[in-house]
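**Q** Residues 3 to 411 (my numbering) are what the sequence shown spells out, left to right.
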Amino acid sequence: MSTDGTQNELKTVPFPPHFDDLKRSIQMANRTGKKKGEESDFSAAVRETNERRAHELVTSTYYYWGSLVDSSNIDCLLTSESKEGIIKYYSVKCAANELIISGHARKLGKFIVEEHLQPVQRQYVWREEQVSPVLETPAASFDSLYEAGKVQRRKILFAAGKSIPLISIVAADLRPEERNVIINDLANFKDFGCVNTQRLWGSMVSDTQITVLLENTAVESLSNYVTTENRSSAKLLKLARQMATVVDFFERLKFIHKKLSIDVCLLTANENLKVVVFCLSTGLIPKRIYMDDVERCRWMPWECLKGYDGSEPDPYDQPAVIWTLGTMVWSMFHRAAIPFENETVAEIRSRAYRKDATLDIIEELLPNGVLELLQSCWAERSKRPSSRAVLKALKKLEQQSVTEKSSPS
3 MSTDGTQNEL KTVPFPPHFD DLKRSIQMAN RTGKKKGEES DFSAAVRETN
53 ERRAHELVTS TYYYWGSLVD SSNIDCLLTS ESKEGIIKYY SVKCAANELI
103 ISGHARKLGK FIVEEHLQPV QRQYVWREEQ VSPVLETPAA SFDSLYEAGK
153 VQRRKILFAA GKSIPLISIV AADLRPEERN VIINDLANFK DFGCVNTQRL
203 WGSMVSDTQI TVLLENTAVE SLSNYVTTEN RSSAKLLKLA RQMATVVDFF
253 ERLKFIHKKL SIDVCLLTAN ENLKVVVFCL STGLIPKRIY MDDVERCRWM
303 PWECLKGYDG SEPDPYDQPA VIWTLGTMVW SMFHRAAIPF ENETVAEIRS
353 RAYRKDATLD IIEELLPNGV LELLQSCWAE RSKRPSSRAV LKALKKLEQQ
403 SVTEKSSPS
């Protein structure tokens, strides 16, 4: 991300191809077998432990972390200011033993002392003078995702002319109870998020409106990314793994994303996933699922739909989220295909119809192992894997893809 606030050029989003057209565009041919490389369970366990420790190290430090950089090779960005007022930036990669790598390895605490850094707690409530006026930039194609209010592009202003782009969502004309709900949610979710979610940067609250500030690192939607060009299996597996990382993060915090679908998936300039969590409804966080919304029903398993016999739906909980995750991965590999695209509205909402309905699959589009993973996500409710199991499987498939790519043919 540039610190001068410049934005990457946005691509137009074409209408996603119909699934039947996609089928006809694929030349049906058997895939040739490839030599596979596989990470051992022990190596995977060590790597996952290292990743967890590095994440804990970063999140325990009072800086802007993760979201300030668009790189999978950097964990956080630290800054220091000299007596002359010059701000110096340090890109930091953390290691499991609490060392950082920034030119050379040092203990994080020692590094902070030696560089005379002053850790400050993140700011959550902003004043109008700390944020730039509204920028004259074109709206992004995905701005329609944000239903909480008017979408604007602005910048957080720092010393020495430094700034960072942000998205502001202006919610006005709020009833007192709506205002109180948003303010409470802002407090509850102030530290919520991981590197693959769009982070909440704070808010500006006045008597007449609430302005929610979100990070602005995304340049296009995932749907646009997979429909405008054929993407390699390695790239798509990386994004699938990042999807599972987000869902695993949600599960650990017992958070249910009530609008989870490929539509809330955005990409940064470096092709890293950002899942939108905030401002997708009239408040900060969607509080309920509207069963009459056919677009929402597409991304929900059959057991969460109402029965025509009056039977109550099962809750949209973690096993249901796993079904949605599998459907998101399916859609991405099928070039943003829409679930149950050719079914009627009544069929999409029908619990009885959907119980036996299946999604069309073009196996030639799926790397080895992905079909089996999808089928496990779509299994009976009690047999679906945990998010951690899905994440582990996708990491293994991603590693195999990298090994196959580097192996001589």
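Every residue, glycine too, gets a C-beta built ideally from N, C-alpha and C.
From a predicted model like this one, the values you see are computed outputs, not experimental measurements.
1. Throw me the rounded Cβ distance for the glutamate 382 and glutamine 320 pair, which I believe falls under 8 Å.
2. Assign glycine 312 to one of two classes, buried (16 or more other C-beta atoms within 10 Å of its C-beta) or exposed (fewer than that).
3. Note down the Cα distance separating isoleucine 364 from valine 331, rounded to an integer number of angstroms.
4. Please give me, in chain order, every unbroken run of the beta strand (DSSP E) with length at least 3 that falls completely inside the segment 166–215.
5. According to DSSP, what are the bridge partners of isoleucine 350?
6. From what residue to what residue does the alpha helix (DSSP H) around arginine 298 run?
7. Determine which residues share a DSSP beta bridge with isoleucine 158 and list them.
8. Do leucine 268 and serine 235 come within 8 Å of each other at the CB atom, strictly closer than that value?
9. Could you spell out where the beta strand (DSSP E) holding valine 278 opens and where it closes?
10. Report all residues from its chain with a CB closer than 7 Å to the CB of proline 369; omit the five preceding and five following residues, and keep chain order.
11. The alpha helix (DSSP H) spanning glutamate 253 covers which residue range?
12. Could you pull the DSSP bridge partners for threonine 270 from this structure?
13. Taking C-beta to C-beta, are glutamine 211 and valine 153 nearer than 8 Å?
14. Measure the alpha-carbon distance for alanine 138 versus threonine 213 and round it to whole angstroms.
15. Determine the direct distance from the alpha carbon of valine 127 to that of leucine 216, and round the result to whole angstroms.
16. Identify, in the order they occur along the chain, each residue of the same chain with its Cβ nearer than 8 Å to the Cβ of serine 389, setting aside the five sequence neighbours on each side.
17. What residues are listed by DSSP as bridge partners for lysine 385?
18. Taking the straight line between their C-alpha atoms, what separation do you get for valine 392 and glycine 371?
19. Considering phenylalanine 335, what are the terminal residues of the alpha helix (DSSP H) in which it resides?
20. Out of Phe257, Gln200 and Trp304, which has the shortest C-alpha to C-alpha gap to glycine 278?
21. Mark lysine 256 as exposed unless 16 or more other C-beta atoms lie within 10 angstroms of its C-beta, in which case mark it buried.
22. Between the Cα of arginine 351 and the Cα atoms of Thr230, Gly309 and Leu361, which residue gives the shortest distance?
23. Look up valine 153 in the DSSP assignment and give the residues it is bridged to.
24. For the pair the segment 181–192 and the segment 285–294, tell me if three or more CB-CB distances fall below 8 Å.
25. When burial is assigned at 16 or more other CB atoms within 10 Å of the CB, is threonine 51 buried or exposed?
26. Would you kindly report the start and end of the unbroken alpha helix (DSSP H) that includes cysteine 379?
27. Since valine 127 sits in a beta bridge, which residues does DSSP pair it with?
28. On the three-state DSSP scale, how would you describe lysine 109?
29. With DSSP as the reference, label tyrosine 355 as helix, strand or coil.
30. Taking 6 Å as the limit between beta carbons, can you name the residues of its chain near leucine 467, skipping five residues before and five after?
31. Which same chain residues end up closer than 7 Å to leucine 159 when comparing Cβ atoms and leaving out the 5 residues on each side of it in sequence?
32. Return the CA-CA distance between aspartate 265 and glutamate 345, expressed in angstroms with no decimal places.
33. Determine the DSSP secondary structure at isoleucine 427, reduced to helix, strand or coil.
34. Given a cut-off of 8 Å on the beta-carbon distance, is the pair leucine 168 and asparagine 218 in contact?
35. Please classify arginine 177: is it buried, with 16 or more other beta-carbons within 10 angstroms of its beta-carbon, or exposed?
36. Considering only the alpha carbon of each residue, which of Glu297, Ser263, Thr270 and Lys357 lies closest to threonine 329?
**A** Answer, in terms of the structure:
1. If you number the sequence shown from 1, residue 382 lands on position 380. If you number the sequence shown from 1, residue 320 lands on position 318. So it is not a contact: roughly 15 Å between Cβ atoms.
2. The sequence position of residue 312 within the sequence shown is 310, counting from 1. That one is exposed.
3. For the purposes of this step, residue 364 is identified with residue 362 of the sequence shown, where counting begins at 1. For the purposes of this step, residue 331 is identified with residue 329 of the sequence shown, where counting begins at 1. Distance between the alpha carbons of isoleucine 364 and valine 331 is about 13 Å.
4. 202–207
5. Walking along the sequence shown from the start, residue 350 turns up at place 348. DSSP, once it has assigned bridges, lists no residue as partnering isoleucine 350.
6. One-based indexing of the sequence shown puts residue 298 at position 296. 296–299 is the extent of the alpha helix (DSSP H) around arginine 298.
7. Here residue 158 refers to the residue found at position 156 when the sequence shown is read from its first residue. In the DSSP output, where bridge partners are listed per residue, isoleucine 158 has Val133 and Ile166.
8. Numbered from its first residue, the sequence shown carries residue 235 at position 233. Numbered from its first residue, the sequence shown carries residue 268 at position 266. Cβ distance not < 8 Å, so serine 235 and leucine 268 don't count as in contact.
9. Here the question's residue 278 lines up with position 276 in the sequence shown. Here valine 278 belongs to no beta strand (DSSP E), and DSSP marks it neither H nor E.
10. To locate residue 369, count along the sequence shown from 1; it is residue 367. Cβ within range, chain order: Ser235, Leu239, Leu399 and Ser403.
11. Within the sequence shown, residue 253 is the residue found at index 251, counting from 1. Per DSSP, glutamate 253 belongs to the alpha helix (DSSP H) from 235–254.
12. The residue given as residue 270 occupies position 268 in the sequence shown. Bridge partners of threonine 270: Ala220.
13. Along the sequence shown, read from residue 1 onward, the residue named residue 211 stands at position 209. Along the sequence shown, read from residue 1 onward, the residue named residue 153 stands at position 151. No; because the gap between Cβ atoms is not below 8 Å, this pair is not in contact.
14. The residue labelled residue 138 in the question sits at position 136 within the sequence shown. The residue labelled residue 213 in the question sits at position 211 within the sequence shown. Before going on, a small fix: residue 138 reads as glutamate here, not alanine. Glutamate 138 and threonine 213: Cα-Cα distance of roughly 18 Å.
15. Looking up residue 216 in the sequence shown gives position 214. Looking up residue 127 in the sequence shown gives position 125. Distance between the alpha carbons of leucine 216 and valine 127 is about 13 Å.
16. Counting from one through the sequence shown, the residue named residue 389 turns up at place 387. Within the same chain, serine 389 has close Cβ partners Ala246, Val249, Asp250, Phe252, Glu253, Gln320, Val323, Ile324 and Leu327.
17. The residue given as residue 385 occupies position 383 in the sequence shown. Looking at the DSSP assignment, lysine 385 forms no beta bridge with any residue, so it has no partner.
18. Within the sequence shown, residue 392 is the residue found at index 390, counting from 1. Within the sequence shown, residue 371 is the residue found at index 369, counting from 1. Straight-line Cα distance between these residues: approximately 12 Å.
19. The residue given as residue 335 occupies position 333 in the sequence shown. 320–335 is the extent of the alpha helix (DSSP H) around phenylalanine 335.
20. By one-based count along the sequence shown, residue 278 stands at place 276. Before going further, note that residue 278 is valine rather than glycine in the sequence given. It is Gln200 whose Cα lies nearest to the Cα of valine 278.
21. To locate residue 256, count along the sequence shown from 1; it is residue 254. Per the 10 Å Cβ criterion, exposed.
22. The residue given as residue 351 occupies position 349 in the sequence shown. Answer by Cα proximity: Gly309.
23. Against the sequence shown, residue 153 aligns to sequence position 151. Paired residues: Ile171.
24. yes
25. On the sequence shown, residue 51 is found 49 positions in, with the first residue counted as 1. Per the 10 Å Cβ criterion, exposed.
26. Residue 379 sits at position 377 when you count from the first residue of the sequence shown. From DSSP, the alpha helix (DSSP H) with cysteine 379 extends over 372–379.
27. Within the sequence shown, residue 127 is the residue found at index 125, counting from 1. Valine 127 pairs with Ser205.
28. Residue 109 sits at position 107 when you count from the first residue of the sequence shown. Lysine 109 falls in the strand class under three-state DSSP.
29. Within the sequence shown, residue 355 is the residue found at index 353, counting from 1. The answer is helix: DSSP assigns tyrosine 355 an H, G or I state.
30. Here the chain covers residues 3 to 411 and nothing more, so residue 467 does not appear.
31. Taking the first residue of the sequence shown as position 1, residue 159 is located at position 157. Cβ within range, chain order: Gln132, Val133, Ser134 and Ser165.
32. Reading the sequence shown from its first residue, position 263 is the one you call residue 265. Reading the sequence shown from its first residue, position 343 is the one you call residue 345. About 19 Å.
33. Since the displayed the chain opens at 3 and closes at 411, residue 427 lies outside it and no answer follows.
34. The residue given as residue 168 occupies position 166 in the sequence shown. The residue given as residue 218 occupies position 216 in the sequence shown. Yes; because the gap between Cβ atoms is below 8 Å, this pair is in contact.
35. Taking the sequence shown and counting its residues from 1, one reaches residue 177 at position 175. Arginine 177 comes out exposed.
36. For the purposes of this step, residue 329 is identified with residue 327 of the sequence shown, where counting begins at 1. It is Ser263.
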